[in-house]
Amino acid sequence: MITVSEVIKNSCLRKYPVTCGLNGIDNEVIRSGIVDYEFSIEGYIEKNNSFRKGDFLISSLLFTHGDEEKLLDMVQKLVNLDVSGLAVKNIFFSSIPDRVRNFCDENQFPVVLFDNDIYFEDIVSDIDGLLKMSDWVNKAEHQIGIMLGDHLTRYEVEALARDMGFFKGSNARVYWIRTQQALSQNRMKKTVKEYANYFKEDRRSFLFKYRQFYVFMVIQDDENKKDSQVLLEEALRLAGHDFMQCVIGAGGVHDSMSELDFSLREAAWSCQVATLLNKSIMNYHDMGIWSVAAAHCKSPYMIEYAERYLSPLFSEKSDSTKDLLETLITTILCEGNSKISSKKLNIHDNTYRYRMNKIREKIDPNASDYIFYENASIAVKIYLLRHMDWNI
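And the structure:
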């Protein structure tokens, strides 16, 4: 979504203040247009549906000949049509009359007054460029969602990748990025647009967004010797983020056309596990069994297994049972190391051993040490991934 505020900040109108209707700067802009003669013909607006909701209009107000009543009548009609805002050239009005100003303030209808330094065509061109770029960002996000959610044929993946700007005969690596602080969707879109403009001549790296995450893709081929992590750090720096303050998941290197969906999923799963394990970066190929758990944590069979295996620890709602569950989870996260686990739980080694014996009695009494850890590890990993606040 593009707002009036973004239109003003990112077009040749940026040096001109909003003279009234300031509370409407978050109005959505869908189209741009020029208005003048339409209001000089009585009934023309009503009959021709010239303007619609979401329009940002530019006018010299020639038809008013400086008549305040005609200006007020026009603004009232534009507000009734849900027009987003208005930019006025200061030919007949060096300032907006008080009655019009008050009406605009009351109805959150922003008006910008500009001078002869800029042309109508420049304003329209800038706005249309912003709208086109916003459409591109939204389209790319939708395409990423399709590749994450659907089992596509290689031909379908190639078509999506080609539409996103990738080319045949190259390999790509995807990084899934979670910033330390939640960002507004508008700010993320702006960052993606700025990156695309900055690197429009360089087709080695691409920055997209998907919901609350950034998605960074790097082309890796024989001509591109620059380390992909260096490109990633550069992209984050341009976006105003510290590499060390982000959680990053790195997918494997795949064909940029036919296997882009593989790298996207791997990067997303890696970021999910990195978040869970409080790590700043996680490579998919270094995840071990976590890669299987993350890929299948939504499978009804895996969910049923985890719930069934761990159910004895949920059947009794007591403090001691909660302690047992916490102990098992900590053990799995500490990769079975009893010393580290007891220290992290802040309990004595004997207490830790007692709890582990009770856990095994409850959930897997006949298993050997190795089989118990294998069974528990998969169940706990599925349980933790299922209970994460993770929206992809």
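Under my numbering, the sequence shown has 128 at position 126, and the numbering climbs by one with no breaks. Even for Gly, the Cβ is constructed at its ideal location relative to N, Cα and C.
Judged by beta-carbon spacing, Val139 lies within the 9 Å limit of Lys191, meaning their Cβ atoms are closer than that value. Here DSSP, grouped into helix, strand and coil, assigns Thr21 to strand. Where Asn280 is concerned, there is no enclosing beta strand (DSSP E), because DSSP gives it neither an H nor an E.
At the C-beta level, Cys22 and Val81 stay beyond 9 Å of one another. Pairing Glu196 with Leu162 gives a Cβ-Cβ distance that is not under 9 Å. The beta-carbon separation of Arg175 and Ser230, rounded to 5 Å, stays under the 8 Å limit for a contact.
Take the alpha-carbon of Met304 and the one of Ser127: they are about 53 Å apart. By the Cβ-count criterion, Ala184 is exposed, with fewer than 16 other Cβ atoms from all chains shown falling within 10 Å of its own Cβ. DSSP, reduced to helix, strand and coil, places Ala241 outside both helices and strands of the structure shown, so it counts as coil.
The three-state reading of DSSP puts Ser34 in strand, counting E and B together. In terms of Cα proximity to Gln214, the closest of Gly131, Val249 and Ser207 is Val249. Taking the CA atoms as reference points, Glu235 sits about 13 Å from Gly251. Boundaries of the beta strand (DSSP E) harbouring Asp57: Asp57 to Ser61, taken from the DSSP string. For Leu115, the pairing in a beta bridge is given by DSSP as Val90. Here Asp130 is near Ser34, since their CB atoms are less than 9 Å apart. When Cβ pairs closer than 8 Å are counted between the two stretches, the segment 261–275 is seen not to touch the segment 325–332, the count staying below three. One alpha carbon belongs to Leu262, the other to Ile10, and they sit about 37 Å apart.
Phe122 is bridged by DSSP to nothing; it lacks a bridge partner. Beyond the five residues adjoining it in sequence on each side, Phe122 comes within less than 7 Å, by CB distance, of Ile36 and Ile60 in the same chain, given in chain order. Contact annotation, Gly68 with Phe105: C-beta distance approximately 18 Å; criterion of less than 8 Å not satisfied.
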